[in-house]
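Quick note, the sequences are listed as chains A and H, same order. Okay, so the first sequence: first residue is 322 according to my numbering, each after it adds one. Okay, so the second sequence: first residue is 795 according to my numbering, each after it adds one. Note that the Cβ used here is the ideal one computed from N, Cα and C, for glycine as well.
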Amino acid sequence: MQQEFKQSIDKALHNANLTGALGKFSEAYKVNRAKAYEGIDFEELRGIIATLKSYAASHLVELSEQFQKNAEARGAKVFRTNDPAKVREYILKVAQDNGVKSIVKSKSMATEEIHLNPYLEKAGIEVNETDLGEWIIQLAGQTPSHMVMPAIHMTKEEVADIFSKEVDERLSSDIPRLVKVARNELRPKFLRADMGISGGNIAVAETGSITLVTNEGNARLVTSLPKIHIALVGIEKLVAHFSDIAPILKALPRSATAQLLTSYVSIITGPTPNSDGSMKELHIILMDNHRSEMAADPMFKEAMQCIRCASCLNVCPIFRLVGGHVFGKVYTGGIGTILTAWYDELQSSEYIQGLCIQCGACKDVCPAKIDIPGMIMEIRRRLVKKQGVPLLQKSIYAVVNNRRVFHGMLRAASVAGKPFSKGTKFIRHLPMFLADLTDGRSLPAIAAKPFRDVFKTIDQPKNLQEKAVFYGGCLIDFAYPEMGEALVKILNKAGIEVLFPEDQTCCGAPARYNGAYEVAAQNARDNIEALLAEQATYVVSACPTCTVALNHEFITTFESLGQSNIMPRARELAAKTVDFSTLVKKLIDEGRLTLKDGQHLGKITYHDSCHLKRTLHAEQAPRQLLQQAGYELSEMFECDTCCGMGGSYSLKLPEISAPILQRKLKNIKDTGAPLVAMDCPGCVMQIRGGMDQDGAPVRVQHTAELIAAQLKD
Amino acid sequence: MFEQFKTRAEGVSAEVHRFATNAEALDFLVGFLRAEGVADQSGQYGVFADCPFLATIDRRQLEEVVGLWFEVTRDRAAGAKIGISQMDWALADTGTLVQDATAVDKRLVSTLPTIHVALIATSGLRPDMPTLLGEARPDNAGYLAMITGPSRTADIERVLTIGVHGPERLVIVFVDQLGGTN
């Protein structure tokens, strides 16, 4: 399976059509989405949606009963079940009881989830998908690669080939012509169908209504022409009130396809007359299939808020490279990983959860305010809990946590550049680990002296009143001590003495991001003890990943493990922790630090590190600092898209990390700036290494180094 | 609100007209049906779903148009080039038309033909969806239909293409005399 998974990634990466189509789409999507949301307070809107959907997720039984009662009062038949098999049987029975020969369907992910089509077809019933994308993949014998745009992975040439076979005529790849062919082919199928099957975007308990959102008009035909209509609705689509439709309809089209509203929205309440004067038979199936278990799990309840817009796919730097099929057969992308782990089983997400680089781009745009990366981390944690951490990883953590040994080994590896002598597992594996590291980028030379030793040689001014504890983190300590020196110089200038507690250790991010929460919790405890031992106003870090660990993730790690006794100390540390740029900006604003006047330092571009922008929301501080110093800021395209580093991600999935880096390098070079700044030593390692192999004359620097050079004497 | 509606609706490829009187709207309709070549043959029919507008005008002018039907059947709607119906509300902020489409003929004429002509009283304008949902309760409407521009898809290579299963043209006709001004 591991082998198969890697092969599917490889296949996707080498599919130029796929990466081209997805790449173009994701670029346009960001711009169009922003335009569609113009004049709308997105935070307010998603707060409203999160609240109403969260309420529904807490009242599933009540709302299901209410829905059933109200829909039945209007003449609909409502069937509620937990079991996909029962759904299939129910639909088949309705079909057989009514002598149904032919079915038309509008798009429904729930029917994909229960593999309905092959089941009905096996029973001798003709099933036709009518959404253009769904029809294309039905004819091609494929599964959807995207929740909203099922055939986004296919080119017009491929579609032309498929349609040509269907109509037995050689068709060109002219898109309007292909769409006409679909209209003409599907029209008679609509007219002769004796059953229509739809999904449901929203189910309103208060009125027993279902809402269908489409662009093509197929759902209108599916629900109007055949005499029987079956709507299959997952219970996560329930909302309490009719008025809840409005905020969802405000966000869904904007987030899904950057439209203000889709061409058609239908709100169906009870059966309506058929064209021959008879009344339609309307069946609504409310399907659970593990959804209420998900709602009952405090770590995953939030996933019930999903309105299925797929914006998490559209902004994902991984999805745009590999597409949906790598994720599996039904739900794809970020939210798909979570849904697969629940609707199918945890084990099914074993490999796909590893695709997430934890950049947080999806969390930023989610109209239902779902912490998708957070949940993927929790899946990782549960998988590791169930299966244990792979042995190799475990031995790496053992070494990483021992700072002296870690530095010694890295240093030895980079200097000697040859395999270690046989010893621990880690040593035996290190050469391979390093080989991956240098795939597409150069490895940083490991500093001869780690920062912890350099620090002792720094002569700080005496009698400084205020103190700050510096949390170094692996990369600054071992690879880039000069960043630490820059930080000390700047803070000293502002009258702050810097302390560097020797007992600080790894921030736990590598362990946490690999699901080894126990290891991460131990790291957290060790660091809390070391960093709070000193009396200081601030704990400052020049690595956003470390900063996030100190002020967010220590707490969530303890929460996940139910370790509450340490919580007050964790909160104390969190309250003191600040990232480099935010602190320095504050010191300048307070007049405690002054930059040289009238500098013209030329053009610079800035790369947003994921954690700095999306967790710490500190993207403005470094930009302002650099501009105040005299740099002329020239923003690059997709400045806040991940560089592909993602900690150990670039080791586990280098084949995905490398093309993400290449995009980033291109975007940097396209600005024409000879210098790119960023606030994360991990990004520096990735991008500097990439530039080195690329050969472009672009300097890659941490903001701290650039600011340290511009202090007024 | 009308101007905002017009901008939004035209932004999604709808055509928007406005007339002061029912008679002027009728003249427009007759002219439009003739210009589009409505005739008594499949593919060229016109179908008109029953609506309040029809009660306000002298039908004879319309009855002279050969191929225009007022009794809407599935077959006639499927063979129609033009479908005409009256909508109940219009949402200014998205350029959306809303109709209580419980009667199936209203849906047939607005979905199956190539062109949908939508009549709407100017007084039916509402600022937005929340306002509408406060008014258009489902208690007596089994099928609330919202239409925003013609049928569209971008399922092949994300290229926007108009007219998949529904109409490829949506012609919106505001009539002030049908009720109030906005």
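Along the region 935-947 of chain H, going in chain order, the ones with a CB nearer than 9 Å to a CB of chain A are 935, 936, 937, 938, 939, 940, 941, 942, 943, 944, 945, 946 and 947. Contact between residue 1026 of chain A and residue 804 of chain A is confirmed by a C-beta separation of about 6 Å, below the 8 Å threshold.
Cβ contact annotation for residue 913 of chain A (same chain, cutoff 8 Å, sequence separation greater than five): 815 and 816, in chain order.
With a cutoff of 8 Å on beta-carbon distance, residue 562 of chain A and residue 525 of chain A are scored as near each other. Here residue 569 of chain A is buried, its C-beta having at least 16 other C-beta atoms within 10 Å. Cβ neighbours of residue 591 of chain A within its own chain (closer than 6 Å, five residues either side excluded): 395, 396 and 397.
If you look at residue 883 of chain H, you'll find it isn't in any alpha helix (DSSP H); it sits in the beta strand (DSSP E) that goes 883-885.
For residue 477 of chain A, at least one C-beta of chain H is nearer than 8 Å to its own C-beta. Straight-line spacing of the CA atoms in residue 933 of chain A and residue 876 of chain A works out to 18 Å.
Using a Cβ distance threshold of 8 Å, residue 1024 of chain A and residue 1000 of chain A count as a contacting pair.
Distances from the CA of residue 588 of chain A to each of A/572, A/575, A/565 and A/464 were compared; the closest alpha carbon is that of A/565. Contact between residue 782 of chain A and residue 813 of chain A is confirmed by a C-beta separation of about 6 Å, below the 8 Å threshold.
Contact check between the region 919-931 of chain H and the region 947-963 of chain H: fewer than three CB pairs, one atom from each, fall below 8 Å, which does not count as touching.
Contacts between residue 537 of chain A and chain H, judged by CB atoms closer than 9 Å, involve 945, 946, 947, 949, 958, 959 and 960 in chain order. In the three-state DSSP reduction, residue 926 of chain H falls in the helix class (H, G or I). DSSP lists H/969 as the beta-bridge partner residues of residue 915 of chain H. Only residues of its own chain outside the window of five on either side were considered, and among them 892, 893, 894 and 918 have a CB closer than 7 Å to the CB of residue 882 of chain H, listed in chain order. 470, 471, 472 and 473: these are the residues of the region 461-473 of chain A whose beta carbon lies less than 8 Å from some beta carbon of chain H, given in chain order. The Cβ atoms of residue 931 of chain A and residue 681 of chain A lie closer than 8 Å to each other. Taking a 10 Å sphere around the C-beta of residue 600 of chain A, we find fewer than 16 other C-beta atoms and assign the residue as exposed. For residue 594 of chain A, the chain H residues whose C-beta falls within less than 8 Å of its own C-beta are 896, 897 and 898, listed in chain order. Collapsing the DSSP output to three states places residue 825 of chain H in a helix. Here the C-alpha atom of residue 488 of chain A lies approximately 8 Å from the C-alpha atom of residue 506 of chain A.
DSSP, read as helix, strand or coil, puts residue 650 of chain A in coil. Closest in alpha carbon position to residue 596 of chain A, among A/786, A/549 and A/793, is A/549.
Bounds of the beta strand (DSSP E) holding residue 788 of chain A are 787-792. Comparing alpha-carbon positions, the option among A/1031, A/518 and A/869 lying closest to residue 905 of chain A turns out to be A/1031. Using beta-carbon distances, residue 628 of chain A does not count as an interface residue toward chain H, since no partner is under 8 Å. Partner residues in the beta bridge of residue 924 of chain A, as assigned by DSSP, are A/953. The beta carbons of residue 857 of chain A and residue 820 of chain A sit about 6 Å from each other, so the pair counts as a contact at 8 Å. According to the DSSP assignment, residue 859 of chain A belongs to the beta strand (DSSP E) that extends over 859-862. In this structure, the CA atom of residue 466 of chain A is about 11 Å from the CA atom of residue 343 of chain A. Residue burial is scored here from C-beta neighbours: residue 1022 of chain A has at least 16 other C-beta atoms within 10 angstroms and is therefore classed as buried. Counting only residues of its own chain and dropping the five nearest sequence neighbours on each side, residue 841 of chain A has a CB closer than 6 Å to the CB of 829, 832, 833 and 878. In chain order, 1002 place their CB closer than 6 Å to the CB of residue 801 of chain A, counting only its own chain and leaving out the 5 sequence neighbours on each side. Residue 379 of chain A carries a helical assignment under DSSP once its states are collapsed to helix, strand and coil.
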